[in-house]
Amino acid sequence: MNVQAAITIYRFEMSRFRRTIFQSLVAPIITTSLYFVVFGAAIGSKIETINGVSYGSFIVPGLIMLYLMTESINNAAFGIYFPKFVGSIFEVLSAPVSSLEATIGYVGAAASKSTIIGLMIFLTSNLFVTHDIKYPLIMAVFIILTAITFSLFGFIIGIWAQNWEKLSIIPTLLVTPLVFLGGSFYSIDMLPEFWQKVSLLNPVFYLISGFRWSFFGTSEIPIVMSLIAIVSFMTICLAIIAVIFKTGYRLRT
Amino acid sequence: MKNLISIENVSKTFGKYKALNNVSLEIEKGEIFALLGPNGAGKTTLISAICGLCRQSSGNITVNSFNTVTHYKETRNQIGLVPQELPLDGFESVYNSCQFSRGLFGLKESQGHIENILKALSLFDKRDEQIFGLSGGMKRRLLIAKALAHEPKILFLDEPTAGVDVSLRRDIWKLIEDQKKKGVTIILTTHYIEEAEQLADRVGIINSGEIILVNNKTALMSEFSKKTTFIRLNKKLNDHSFIKENKRISIIENGMTLKLVGINNTSNELQALVNSLSQRGIGFTEINTVDNSLEDIFLDLVKAQ
């Protein structure tokens, strides 16, 4: 296995993150702070607790998941789309690099970046609310699994996209609504019964719910369901990537 | 000489368009092979198939006896590719970009090796600059530096001097010759026939996806050698009747010059023509004979196909 190639791609992608560190980290921190001011202070003051948790603390897992998913997708999609766009992808394709090594490099870097951003948001949230994490190990597992899975998904989008519009269409029109409607800022128990059933069709709901369980020990659905959801999605993404590399779809002519 | 690259009956189709049609070709170890052809002839597609950028629809390619599909890691390890365009990540520095290329081939960072290449290509002073700040010529040299970063045994240069000035072109030629001296096998595509004439050991001509000729450059030029003679007249030729029958003679420069293509040294054709002119009271001020170039041979072969 060409481990050095995977490391090289990983380092190259991380250097892009370092070049834009201010924009990459400060923007999410400021936005998160605004969420806490608007949702936590303004709206949160009207809601006492949800399942025994203060509203400010309740939205922390949802906010982290929101950024973890969108940043994973955006970073991975951009990471593979940009070399395709400028043509420099020829270097990777003509090098002795297997699909596994390339995926580890690109997806690993995207997942690392989004994990760092997720942790920064968690630290920022501590400035506004105090909370204990009931199951820190499970929390770490969820963060890593989510970052990798959505980076894989972003990687697929980056390969599929043939222009900048396509690159942003799925994150904007599909993922962001799913995250917002997946219970990031509310419990589905607060919805009418019909919309509670609709929410169960939203895969993101399972991830947010599971992640929230690691914080507070309570959630709307069993933790196992959440783990099954994330592992299933990861398996689907891996299978699609395997097909892409096997057929050379939108990479090789 | 040992064949390093073997291409056997390779075809490549894009939809209904056949970019390569049953191409077979052998590249010998240590040679400079120039692949010539008009735009859209299939030169880049053939290089792409060897380097793994596209997959042939049928046929086999081996590099040093390794199949490019089943043993792609072994084949690609030996190859450095300089593409036709300038596909570079403009935000990266020159030095890091070269180390990236090296790392993809499984090699650890080597400051000394990369710095030597950058010095040889006059890019050392720019090593810490971002690529988007480089001129077109510097970007072209950087692509060569990146291709050499992993010390390849085979170097593909797809129109390496396209759009570069004369001085830089000479520098790149020198670099190519230096690589050959080091034992690197070089496959070159170019639109500048002069480049092939200057550098190549063997020449292949491809047109419409088919290899129409492969030969040693010297043998090729000797086989297709043709002289062209220009007779500059001292007055305008108005009576064309005596040259009408000879298709190899044409009148140019408004009747002031006769052009004879493919004149035979052993025949007295030239003497006979001068006599005919003399009988009509026309003398000449200059007779000039030139050998045809590789460019003429190339154009004749492509036209004839």
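Line order of the protein sequences matches chains A and B. Note that the first sequence covers residues 6 to 258 in my numbering. Note that the second sequence covers residues 337 to 641 in my numbering. The C-beta atom is built at its ideal place from N, Cα and C for all residues, glycine as well.
Report yes or no: do three or more beta-carbon pairs, one from the region 357-372 of chain B and one from the region 517-535 of chain B, lie closer than 8 Å? Judged by Cβ distances under 8 Å, the region 357-372 of chain B makes contact with the region 517-535 of chain B, as three or more pairs qualify.
Pull up the distance between the alpha-carbon of residue 434/B and that of residue 566/B, whole angstroms please. One C-alpha to the other measures close to 52 Å.
Please list the terminal residues of the continuous beta strand (DSSP E) segment that includes residue 353/B. Residues 353-364.
What residue from 147/A, 164/A and 180/A has the CA that sits closest to residue 230/A's CA? With distances taken between Cα atoms, residue 230/A lies closest to 147/A.
Assuming residue 478/B and residue 430/B make a contact with CB atoms under 8 Å, what is their CB distance in whole Å? That belief holds up - the Cβ atoms of residue 478/B and residue 430/B are roughly 6 Å apart, short of 8 Å.
With a cut-off of 8 Å, does the C-beta of residue 13/A fall near any C-beta of chain B? Taking Cβ atoms only, chain B reaches closer than 8 Å to residue 13/A, which makes this a yes.
I'd like to know whether the C-beta of residue 123/A is nearer than 8 Å to at least one C-beta of chain B. Residue 123/A does not count as touching chain B.
Give a yes or no on whether the C-beta atoms belonging to residue 570/B and residue 618/B are separated by under 8 Å. Yes, Cβ-Cβ distance for residue 570/B and residue 618/B is below 8 Å.
Residue 538/B by DSSP, collapsed to three states: which one? Strand, per DSSP.
Residue 82/A: first and last residue of the uninterrupted alpha helix (DSSP H) it sits in: Unbroken alpha helix (DSSP H) run through residue 82/A: 60-91.
Cβ closer than 7 Å: which chain B residues qualify as neighbours of residue 206/A? Ordered by position in chain B, no residue passes the 7 Å Cβ test against residue 206/A, which lies about 40 Å from the chain.
Using CA atoms only, rank isn't needed, just tell me which of 550/B, 562/B and 415/B is closest to residue 360/B. Ranking 550/B, 562/B and 415/B by CA distance to the CA of residue 360/B puts 550/B first.
Meets three-Cβ-pair contact criterion under 8 Å: the region 402-409 of chain B and the region 460-469 of chain B: These segments do not touch.
Given residue 254/A as reference, the closest of 389/B, 556/B and 592/B once Cα atoms are compared: Ranked by Cα distance from residue 254/A, the options 389/B, 556/B and 592/B are led by 389/B.
DSSP three-state assignment for residue 189/A, whether helix, strand or coil: Looking at residue 189/A - three-state DSSP - the assignment turns out to be coil, as it is neither helix nor strand.
Let me check understanding here. Comparing Cα to Cα, which of 586/B, 545/B, 579/B and 606/B lies closest to residue 358/B? Selected option, being the one with the closest Cα: 545/B.
Indicate whether at least one CB of chain B lies closer than 8 Å to the CB of residue 300/A. Residue 300/A is absent from the structure shown; chain A starts at 6 and stops at 258.
Helix, strand or coil for residue 622/B per DSSP? In this structure, residue 622/B counts as strand in the three-state DSSP scheme.
Per DSSP, cross-strand counterpart(s) of residue 492/B: Bridge partners of residue 492/B: 417/B and 523/B.
Any idea which residues DSSP pairs residue 201/A with across the strands? As computed with DSSP, residue 201/A is found in no beta bridge at all.
For a contact defined as C-beta to C-beta under 7 Å, what are the partners of residue 108/A on chain B? The premise fails here: residue 108/A is roughly 14 Å from chain B at the closest Cβ pair, so nothing lies under 7 Å.
Whether or not the region 198-213 of chain A and the region 94-112 of chain A are in contact is what I'm after, with contact meaning three or more pairs of Cβ atoms, one per stretch, closer than 8 Å; do they touch? Under the Cβ criterion (8 Å, minimum of three pairs), the region 94-112 of chain A does not count as touching the region 198-213 of chain A.
Kindly list the residues whose CB is nearer than 7 Å to the CB of residue 482/B, restricted to its own chain and excluding five residues on each side of it in sequence; keep chain order. Same-chain partners within the cutoff: 433, 434 and 437.
So what's residue 547/B in DSSP terms, helix, strand or just coil? Of the three classes helix, strand and coil, the one that applies to residue 547/B here is strand, per DSSP.
Going straight from the alpha carbon of residue 607/B to that of residue 633/B, what length do you get? Roughly 27 Å between the two C-alpha positions.
Please compile the residues from chain A whose C-beta is within a distance smaller than 7 Å of the C-beta of residue 506/B. Residues of chain A with a Cβ closer than 7 Å to the Cβ of residue 506/B do not exist; the shortest Cβ-Cβ separation is about 27 Å.
Let me check understanding here. Comparing Cα to Cα, which of 557/B, 595/B, 553/B and 554/B lies closest to residue 573/B? For the residues 557/B, 595/B, 553/B and 554/B, the minimum Cα distance to residue 573/B belongs to 595/B.
Of all the residues that make up the region 15-40 of chain A, which are near chain B by a beta-carbon distance shorter than 8 Å? Those would be 16, 17, 20, 21 and 24, in chain order.
Can a CB atom of chain B be found closer than 8 Å to the CB of residue 99/A? Judged by the 8 Å Cβ criterion, residue 99/A is in contact with chain B.
Taking DSSP as the reference, what is the three-state secondary structure of residue 569/B? Strand.
For residue 547/B and residue 593/B, the rounded distance between their alpha carbons: Residue 593/B and residue 547/B: Cα-Cα distance of roughly 37 Å.
From what residue to what residue does the beta strand (DSSP E) around residue 345/B run? Segment 339-350, the beta strand (DSSP E) holding residue 345/B.
Would you mind telling me which residues of chain B sit closer than 7 Å to residue 257/A, beta carbon to beta carbon, in chain order? Those within 7 Å of residue 257/A in chain B are 389, 390 and 391.
Looking only at its chain, what residues have a beta carbon closer than 6 Å to the beta carbon of residue 136/A, apart from the 5 residues adjacent to it on each side? Cβ within range, chain order: 62.
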